[in-house]
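In order, the protein sequence lines correspond to chains D and U.
Heads up: the first sequence begins at 0 in numbering that gives the first Met the number 0, then just goes up one per residue.
Heads up: the second sequence begins at 0 in numbering that gives the first Met the number 0, then just goes up one per residue.
Even glycine gets a Cβ: it sits at the ideal position worked out from N, Cα and C.
Please read these numbers as outputs of a predicted model, since none were measured by experiment.
Remarks on the structure that follows.
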Amino acid sequence: MTEKIRKSVSTPAESPVENIEDLAVAKNAHAENIKADLDHLLDEIDSILETNAEDFVNSYVQKGGE
Amino acid sequence: MATPKVCGIETEYGVISRGFESSPIVASSVLVNAYAGAFKQNIQWDFEDETPDRDARGFCLEDAFPPEVETHMANSVLTNGARYYVDHAHPEVSTPECRTATEVVLYDRAGEEIIRESMQRANALLPDHHEIITYKNNSDGKGNSYGCHENYLVARELPFGQLSTYITTHFVTRQIFCGSGKVGSEFFTEKSDAVPYQISQRADFFEEEIGLETTIRRPIVNTRDEPHCDPDKYRRLHVIVGDANMSEYATYLKVGTTSIVLAMIEDGAFPTQLIIDDPVNTIRIVSRDTRLKNPIRLADGSLKTSLEIQFLILEAAETYASAHGLSCVSSDEFPREGANILQLWRETLANLSNGGQGSFDTIDWLAKMSLITAYQERNDLPPNDPKLKALDLQYHDMRQGKNLSSRMNLRKLISQSDAELARTEPPDSTRAFFRGMCLHRWSEFVVSANWDCIIFDVGDGPLRRIPMMEPLKGTRMLTENLFRSCHTPMDLILALGLEDSELTTYKISDVF
């Protein structure tokens with residue numbers, strides 16, 4: 000199994016970055032994307048959230064673990 | 000030389016039923032049976048050798064409550080070598096034994112796919128508006144917790160006291176990158192606005208430094224001594240202190256760093272001055288310290304932040320890697336695993352000392368905190384508004400359209416197709432390969448299986464038991480030709496020399 004997936008797994012050290020400035024630019028661009036995506040998620044989040052948050056939170060009870 | 004770190008994760012999922020009244024035990028059984036029935040994987044687990052009340056410190060506490068083993072619940076061994084069952088009142092997936100952190104992430108992801116498939120199949124059988132929903136978290140926010148346990152192979156010869164003292168330092172501080180985040184606290188005495196948000200799901204539940212229990216008076220270091228392999232050679236460190244992660248990279252770091260730290264302890268390379276003075280209080284202080292600035296008192300009287308302690312462990316790990324190499328956490332298939340873990344560990348700590356920038360897409364507590372803070376600000380909500388707690392729960396919701404972590408652009412380590420393939424295919428690198436292959440080839444003859452043996456009914460004579468006491472054997476490399484040459488389970492038993500026969504081609508010790 001892992002033989003098959005080895006090639007497709009991208010390990011953290013194997014994403015080459017030319018130099019440290021590229022890394023900073025890439026990180027900033029990525030941070031901007033994350034912020035834009037978060038704004039987009041917030042626009043539609045009320046349609047994803049449980050309709051009655053208070054009931055949902057109160058009724059979420061889990062007894063008897065481990 | 001440290002023991003190769005065979006490792007795995009057991010995840011209990013939170014479960015609710017909606018539209019109908021159901022006990023969580025029934026709801027969990029419906030999920031497991033829906034999956035097992037669909038894939039004909041209802042092989043029974045063999046409990047013969049389970050001894051969860053044995054204490055690693057070599058004694059048995061009279062007032063301790065060993066965990067009960069429930070033998071009557073739905074139980075399945077899967078063709079990927081995993082176990083899927085009902086543990087008390089939760090569906091639980093145990094990954095197969097893995098050789099690397101990457102493989103653990105792969106099989107933890109496969110476990111999520113198994114849970115999703117189970118929900119879809121179960122809900123398709125239920126009447127309209129009846130639904131079973133699961134959550135990959137660890138707390139209901141009302142004082143009840145369920146676990147995400149890790150397991151690591153360590154040398155039996157390592158004194159347990161030494162192991163527990165040093166690993167506690169890592170357990171108390173590693174939450175800064177593998178905590179899953181939580182709105183509020185579990186203590187009713189704490190004002191709701193005193194702890195609007197904390198780093199760990201689990202930290203509030205730990206009351207002892209060391210002990211056998213997992214459900215009451217939980218200890219930071221669990222002493223369950225149930226190796227599921229050769230007890231003279233190995234121990235299985237059963238870790239109950241961690242959070243279930245939605246971020247694949249958080250799971251990777253959790254398992255990867257812990258494997259390296261255990262190897263360092265085995266080889267006497269852990270910095271001996273890093274001993275936490277009061278671990279039980281400190282684990283909660285760290286969990287509430289989202290700015291990572293609070294000083295922690297060490298046993299020698301010095302004060303250091305959680306981040307400073309992690310940097311010191313990392314530096315010792317880098318020195319250890321230069322001197323010993325990291326083959327014990329790497330494998331032929333993943334030769335750079337150890338180096339990759341160290342690099343990500345360093346990047347992550349550097350990001351955390353810089354306000355977390357660069358790690359919002361790998362660290363669950365940061366991703367969840369950014370979502371909750373942004374929602375709270377946009378809607379001008381007080382910190383105890385139930386909508387914030389609802390966001391917290393839905394970060395872990397296992398329904399595709401309702402899960403919020405999947406909307407946070409978390410970095411991926413495993414492709415969707417690999418996760419789905421891993422639902423049925425075992426890892427190559429441990430005895431899980433042998434277990435998985437036996438189930439693939441001859442599931443109708445398998446009476447029961449567990450971690451260290453498999454029992455066949457070949458229809459003639461007594462039941463045949465194949466012992467699997469060595470987790471590092473039974474691999475694809477050692478058994479692929481054996482499986483190729485066997486057409487029936489009896490061929491396998493004879494080939495392995497488990498009965499007198501001229502057909503014996505292997506010694507069991509070659510394979511296990």
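Item: Cross-chain neighbours of U:Ser16 in chain D, by beta carbon under 7 Å; Value: Within chain D, no residue comes near U:Ser16; the closest Cβ sits about 11 Å away, beyond 7 Å.
Item: Members of the stretch 40–56 of chain D near chain U, C-beta cut-off 8 Å; Value: Leu40, Leu41, Ile44, Ile47, Leu48, Glu49, Ala52, Glu53, Phe55 and Val56
Item: Status (buried if at least 16 other CB within 10 Å, exposed otherwise) for U:Phe46; Value: exposed
Item: Opening and closing residue of the alpha helix (DSSP H) in which U:Phe170 lies; Value: Phe159 to Thr172
Item: Within chain D, the residues that U:Ser516 reaches when beta carbons sit closer than 7 Å; Value: Since the first residue shown for chain U is 0 and the last is 511, residue 516 of chain U is missing from the structure and cannot be characterised.
Item: Rounded distance between the beta-carbons of U:Gly18 and U:His128, thought under 8 Å; Value: 4 Å
Item: Three CB pairs or more closer than 8 Å across the stretch 409–422 of chain U and the stretch 137–147 of chain U; Value: no
Item: Contact set between D:Val24 and chain U, taken where Cβ atoms lie within less than 9 Å; Value: Ordered by position in chain U, no residue passes the 9 Å Cβ test against D:Val24, which lies about 13 Å from the chain.
Item: For U:Asn150: DSSP bridge partner residues; Value: U:Gly7 and U:His237
Item: Whole alpha helix (DSSP H) elements within the stretch 236–295 of chain U, 4-residue minimum; Value: 247–265 and 278–287
Item: Same chain, Cβ closer than 7 Å to U:Ser27, neighbours up to 5 away in sequence not counted; Value: Val14, Val85, Ala88, His89 and Pro90
Item: Alpha-carbon to alpha-carbon, U:Pro126 and D:Ser58; Value: 21 Å
Item: Rounded straight-line distance, which links the Cα of U:Ile274 to that of U:Asp451; Value: 35 Å
Item: Residues that D:Ala28 contacts on chain U, provided the C-beta gap is smaller than 9 Å; Value: Per Cβ cutoff of 9 Å: no residues; D:Ala28 is ~12 Å from chain U at best.
Item: Supposed close pair U:Asp114, U:Tyr12 - CB separation, criterion 8 Å; Value: According to the sequence shown, residue 114 of chain U is Ile rather than Asp. Sure, about 6 Å apart at Cβ, within 8 Å.
Item: The stretch 103–111 of chain U / the stretch 322–334 of chain U touching (three or more Cβ pairs under 8 Å); Value: no
Item: Contact set for U:Thr504: own chain, Cβ-Cβ below 6 Å, skip 5 residues either direction; Value: Ala494
Item: Cross-chain neighbours of U:Pro23 in chain D, by beta carbon under 8 Å; Value: Gln61, Lys62 and Gly63
Item: For U:Ile284, the nearest candidate out of U:Thr2, U:Asp509, U:Gln174 and U:Arg345 (CA to CA); Value: U:Gln174
Item: Per DSSP, the bridge partner or partners of U:His89; Value: U:Asp86
Item: Closer than 7 Å to chain D by CB, U:Asp45; Value: no
Item: Residue-chain proximity (U:Phe205, chain D), Cβ-Cβ < 7 Å; Value: no
Item: Candidates U:Ser16, U:Thr10, U:Glu112 and U:Glu130, of which the one nearest U:Ser414 by Cα; Value: U:Glu112
Item: Nearest residue (CA-CA) to U:Arg475, options U:Cys6, U:Ser484, U:Pro426 and U:Glu498; Value: U:Pro426
Item: Simplified DSSP assignment, three categories, for U:Gly210; Value: strand
Item: Beta-carbon gap between U:Ile259 and U:Val153 smaller than 7 Å; Value: no
Item: Nearest residue (CA-CA) to U:Leu325, options U:Leu370, U:Arg434, U:Gly496 and U:Met263; Value: U:Met263
Item: Cα-Cα separation, U:Pro218 to U:Ala366; Value: 28 Å
Item: Exposure label - U:Gln272; buried when at least 16 CB within 10 Å; Value: exposed
Item: Bounding residues of the beta strand (DSSP E) (the contiguous stretch that carries U:Glu130); Value: Glu130 to Tyr134
Item: Segment contact, 8 Å Cβ cut-off, at least three pairs: the stretch 232–242 of chain U with the stretch 158–177 of chain U; Value: yes
Item: Close beta carbons around U:Leu370, own chain, < 8 Å, minus the five adjacent residues each side; Value: Leu390, Tyr394, Leu403 and Met407
Item: Within-7 Å CB hit, U:Pro3 to chain D; Value: no
Item: Close-in-space but distant-in-sequence residues of the same chain around U:Ile24 (CB under 6 Å, 5 per side omitted); Value: Ala88
Item: Same chain, Cβ closer than 6 Å to U:Gln309, neighbours up to 5 away in sequence not counted; Value: Thr172 and Leu348
Item: Close-in-space but distant-in-sequence residues of the same chain around U:Glu69 (CB under 6 Å, 5 per side omitted); Value: In this prediction, U:Glu69 scores a pLDDT of 46, lower than 50, which makes its location untrustworthy; the coordinate-derived value is nonetheless stated afterwards. Taken in chain order, the list of residues that qualify is empty.
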